[in-house]
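> My questions all concern the structure below.
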Amino acid sequence: MTDDIYVTRPHLPPLEEFKDLLGKIWDRGVLTNCGPYHEELEASLCSYLNVPHISLFNNGTVALIVALRALGIKGEVITTPYSFVATTHAILWMGCTPVFVDVDPVSLNLDPARIEAAITENTAAILPVHCYGHPADVDAIDAIGLKHRIPVIYDAAHAFGVECHCGSVLTHGDLSVLSFHATKVFNTFEGGAIVCRTPEQKRYIDQLKNFGHDGETSVIETGINGKMSEINAAFGLLQLKYVDEAIGRRAAIDKRYRAELAGLPGVQCLTDTGQSRQNHSYFPIRIGDAFPMNRDDLFHYMKERGVHPRRYFYPLISNFSMYRSLPSSDPAGLPNAVAAAEEILCLPIYPDLDDASVTRIVAMLHEAATKGT
Ligand code: T4K
């Protein structure tokens, strides 16, 4: 009996090292409210990610909501249907309306030409996603934002440590939002962050995540509790120590998949989108007509044999019942996203996925390629 393999497993540093950090929390008795580990992690992440300012959060979803709030977004927000539902829920949570625009058929990120075509006088913001950690076309999208004076907030939940031609992809747009969920390249169990461009933005966002407090006796906003605790921050500091090693192992798995799936008819590995540093957060493959099974049959075939890939992102957000009635949810306007949602399968990739498991997954795909349904 072989063990089941899941799409991801969280990377965990040595427990003994975490116990040392926990000991300090016990000694200090500071559990939250932007304590010393929180401050140290913000500084360490700024330096690791090469970004000017970071505000830590308790998760990426609250960070997205606060990012929209910080920029005073009211109205319509242009976004992608090909993402995790949190992207669009944040828009609705702020009382705004998502406007879905189709993705580029190759990068699966928002297509800048379609963004520009969708802009109206009601457009309040653009919220692209760096899907699978592959950078959106940041130059084109930033330029559209500037030309039309519309803020751009990047959902960078998948893009920890990713760099493009001009350095960190996280420095683009008005704000970028990270997720540090257990399933992410860098995790703090639960967690997230907003990358800010100016000290003023960071100060305001720090206030918003702390009930709107401006000092002990003043409240200036309907803030929320979005703070990261000391335990999560301590774990993050430890993760940071091992993150390059973890990304290196992901890169080796990515390389093996590409080499060993090359030439398999009907299986296409997604290409990168020009980033100079990748994080290999996901390994999406596209199942085409030349494969003897469709994507869903392959998904079930693998699950029955103990390998659990995921259909990120199926169904499209625009296809969930609560979003389906939006005018922009019409599948006729989203052909590339519809096709990707039907054809993409994310294979297991995580630092502790051993070579034998990769061999097993590759062999399973080759075996499936010899069968019909
Ligand atoms: N924007 C984007 C583009 C996002 O992708 C996300 C989150 C967000 C915003 C919001 O960020 P957060 O608020 O979450 O910080 C997962 C994650 O829950 C979610 O964070 C993530 N995106 C999304 C793409 O994937 P599921 O439904 O796939 O999670 P789950 O529980 O099925 O986990 C997948 C596999 O991971 C499991 O089969 C086993 C493994 N796993 C998972 C957990 C939680 C573990 O081994 N240990 C664990 O603790 O949503």
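Residue numbers (our numbering): 10 to 382.
Cβ atoms here follow ideal geometry from the backbone N, Cα and C, with glycine treated the same way.
Remember, it's a predicted structure, so these values are computed and weren't measured experimentally.
1) Can you confirm whether the region 109-116 touches the region 85-93 when touching is taken to mean that 3 or more C-beta pairs between the two stretches lie within less than 8 Å?
2) Among all the DSSP beta bridges, which residues are the ones paired with residue 15?
3) Going by other Cβ atoms of all chains shown within 10 Å of its Cβ, with 16 needed for buried, is residue 60 buried or exposed?
4) Just to check, is the beta-carbon of residue 105 closer than 8 Å to a non-hydrogen atom of the ligand T4K?
5) Could you give the first and the last residue of the continuous alpha helix (DSSP H) run that contains residue 201?
6) For residue 10, count neighbouring Cβ atoms within 10 angstroms of its own Cβ and tell me buried if that reaches 16, exposed if not.
7) Is the beta carbon of residue 45 sitting closer than 9 Å to the one on residue 250?
8) Tell me, to the nearest whole angstrom, how far the beta carbon of residue 318 is from that of residue 357; I am working on the premise that it is less than 8 Å.
9) Cβ atoms of residue 193 and residue 219: under 9 Å apart, would you say?
10) Candidates 367, 372 and 378: which alpha carbon is nearest residue 302's?
11) Just list the residues that DSSP pairs residue 161 with in beta bridges.
12) Since residue 84 and residue 132 should fall inside the 8 Å C-beta cutoff, what is the C-beta to C-beta distance between them, to a whole number of angstroms?
13) Buried or exposed: where does residue 56 fall if 16 or more other Cβ atoms within 10 Å of its Cβ makes it buried?
14) Counting Cβ pairs closer than 8 Å, one from the region 60-79 and one from the region 33-40, do we hit at least three?
15) Just to check my reading of the structure: residue 95 and residue 73 have Cβ atoms closer than 8 Å, yes? What is that Cβ distance to the nearest angstrom?
16) For the putative contact between residue 114 and residue 345, defined by C-beta atoms under 8 Å, what is the C-beta separation to the nearest angstrom?
17) Could you name each continuous beta strand (DSSP E) segment of 3 residues or more that falls completely within the region 190-262, going from the start of the chain to the end?
18) Given residue 383, which residues of its chain have a CB within under 8 Å of its CB, disregarding the five upstream and five downstream residues?
19) Alpha carbon to alpha carbon, what distance is there between residue 71 and residue 229?
20) Thinking C-beta only, is residue 101 closer than 9 Å to residue 134?
21) Have a look at 291, 252 and 300 and flag the residue whose alpha-carbon is nearest the alpha-carbon of residue 266.
22) Given 8 Å as the limit, tell me if residue 20 has its C-beta closer than that to any heavy atom belonging to the ligand T4K.
23) If we ignore side chains and look at the alpha-carbon of each, how far apart do residue 54 and residue 20 end up?
24) Just to confirm my understanding: we take residue 275, look at its own chain, exclude 5 residues before and 5 after, and list those with CB closer than 8 Å. What are they?
25) Can residue 308 and residue 252 be called in contact, C-beta distance under 9 Å?
26) Where does residue 182 land, buried or exposed, given buried means 16+ other C-beta within 10 angstroms?
27) For residue 273, collect the residues of the same chain with a Cβ closer than 6 Å to its Cβ; drop the 5 residues on either side in sequence, then sort them by chain order.
28) Where does residue 90 sit, in a helix, a strand or coil, going by DSSP?
29) Using only the alpha-carbon positions, how far apart do residue 372 and residue 359 sit?
30) If we ignore side chains and look at the alpha-carbon of each, how far apart do residue 76 and residue 332 end up?
31) So, helix, strand or coil for residue 108, using DSSP?
32) In the DSSP output, what is residue 286 paired with across the bridge?
33) Three-state secondary structure (DSSP) at residue 10?
34) Starting from the C-beta of residue 147, find all residues in its chain whose C-beta is less than 7 Å away, skip the five residues before and the five after it, and write them out in chain order.
35) Can you tell me where the alpha helix (DSSP H) holding residue 27 begins and where it ends?
Looking at the coordinates:
1) yes
2) Indexing the sequence shown from 1 puts residue 15 at position 6. According to DSSP, residue 15 bridges with 317.
3) Start at 1 with the first residue of the sequence shown, and residue 60 comes out as number 51. It is buried - the Cβ of residue 60 has at least 16 other Cβ atoms within 10 Å.
4) Counted from its first residue, the sequence shown places residue 105 at position 96. No, Cβ of residue 105 sits at least 8 Å from all heavy atoms of the ligand T4K.
5) Residue numbering aside, residue 201 sits at position 192 when the sequence shown is read from its first letter. It is not in any alpha helix (DSSP H) - residue 201 instead sits in the beta strand (DSSP E) that spans 201-205.
6) On the sequence shown, residue 10 is found 1 positions in, with the first residue counted as 1. At residue 10 the pLDDT is 49, less than 50, meaning the model places this residue with poor confidence and gives no usable figure here.
7) Residue 45 sits at position 36 when you count from the first residue of the sequence shown. Residue 250 sits at position 241 when you count from the first residue of the sequence shown. Not in contact: residue 45 and residue 250 (Cβ atoms no closer than 9 Å).
8) For the purposes of this step, residue 318 is identified with residue 309 of the sequence shown, where counting begins at 1. For the purposes of this step, residue 357 is identified with residue 348 of the sequence shown, where counting begins at 1. Their Cβ separation, rounded to whole angstroms, is 7 Å, which keeps residue 318 and residue 357 in contact under 8 Å.
9) Taking the sequence shown and counting its residues from 1, the one referred to as residue 219 is at position 210. Taking the sequence shown and counting its residues from 1, the one referred to as residue 193 is at position 184. No, the pair does not count as a contact, with Cβ atoms beyond the cut-off.
10) Here residue 302 refers to the residue found at position 293 when the sequence shown is read from its first residue. Considering only alpha carbons, the answer is 378.
11) As a first step, residue 161 is located in the sequence shown; it is residue number 152 there, counting from the start. 135.
12) Counting from 1 along the sequence shown, the entry for residue 84 is found at position 75. Counting from 1 along the sequence shown, the entry for residue 132 is found at position 123. Right, the Cβ-Cβ distance comes to about 7 Å (below 8 Å), so this counts as a contact.
13) Walking along the sequence shown from the start, residue 56 turns up at place 47. Counting other Cβ atoms within 10 Å of its Cβ, residue 56 stays below 16 and is therefore classed as exposed.
14) no
15) Here residue 95 refers to the residue found at position 86 of the sequence shown. Here residue 73 refers to the residue found at position 64 of the sequence shown. The Cβ separation is near 7 Å, so the contact holds.
16) Taking the sequence shown and counting its residues from 1, one reaches residue 114 at position 105. Taking the sequence shown and counting its residues from 1, one reaches residue 345 at position 336. Sure, about 4 Å apart at Cβ, within 8 Å.
17) 201-205
18) The shown model of the chain, from 10 to 382, leaves out residue 383, and the question about it has no answer.
19) Here residue 229 refers to the residue found at position 220 of the sequence shown. Here residue 71 refers to the residue found at position 62 of the sequence shown. Rounded to whole angstroms, residue 229 to residue 71 spans 19 Å at the Cα level.
20) The residue labelled residue 134 in the question sits at position 125 within the sequence shown. The residue labelled residue 101 in the question sits at position 92 within the sequence shown. No, Cβ-Cβ distance for residue 134 and residue 101 is not below 9 Å.
21) Numbered from 1 along the sequence shown, position 257 holds the residue referred to as residue 266. Taking only the C-alpha atoms, the option nearest residue 266 is 291.
22) Taking the sequence shown and counting its residues from 1, one reaches residue 20 at position 11. Flag unset: Cβ of residue 20 not near the ligand T4K.
23) By one-based count along the sequence shown, residue 54 stands at place 45. By one-based count along the sequence shown, residue 20 stands at place 11. Straight-line Cα distance between these residues: approximately 18 Å.
24) In the sequence shown, residue 275 corresponds to position 266, counting from 1. Excluding sequence neighbours, residue 275 sits near 296, 297, 298, 299, 300, 301 and 378.
25) Walking along the sequence shown from the start, residue 308 turns up at place 299. Walking along the sequence shown from the start, residue 252 turns up at place 243. Between residue 308 and residue 252, the CB-CB gap reaches or exceeds 9 Å.
26) By one-based count along the sequence shown, residue 182 stands at place 173. Looking at its Cβ environment, which holds 16 or more other Cβ atoms inside 10 Å, residue 182 is buried.
27) Position 264 of the sequence shown, counted from the first residue, corresponds to residue 273. Excluding sequence neighbours, residue 273 sits near 378.
28) For the purposes of this step, residue 90 is identified with residue 81 of the sequence shown, where counting begins at 1. Three-state DSSP puts residue 90 in coil, outside helix and strand.
29) On the sequence shown, residue 372 is found 363 positions in, with the first residue counted as 1. On the sequence shown, residue 359 is found 350 positions in, with the first residue counted as 1. Roughly 18 Å separates the two Cα atoms.
30) Locating residue 76 in the sequence shown gives position 67, where the first residue counts as 1. Locating residue 332 in the sequence shown gives position 323, where the first residue counts as 1. Approximately 22 Å between the Cα atoms of the pair.
31) Locating residue 108 in the sequence shown gives position 99, where the first residue counts as 1. Correct three-state label for residue 108: strand.
32) For the purposes of this step, residue 286 is identified with residue 277 of the sequence shown, where counting begins at 1. DSSP, once it has assigned bridges, lists 172 as partnering residue 286.
33) Here residue 10 refers to the residue found at position 1 when the sequence shown is read from its first residue. Confidence at residue 10 is low in this model, with a pLDDT of 49, below 50, so the placement of that residue should be treated as unreliable; the coordinate-derived value is given next. In the structure shown, residue 10 sits in coil (DSSP, three-state: anything other than H, G, I, E or B).
34) The residue labelled residue 147 in the question sits at position 138 within the sequence shown. These residues qualify, in order along the chain: 173, 178 and 181.
35) The sequence position of residue 27 within the sequence shown is 18, counting from 1. Taken as a continuous stretch (DSSP letters only), the alpha helix (DSSP H) holding residue 27 covers 24-37.
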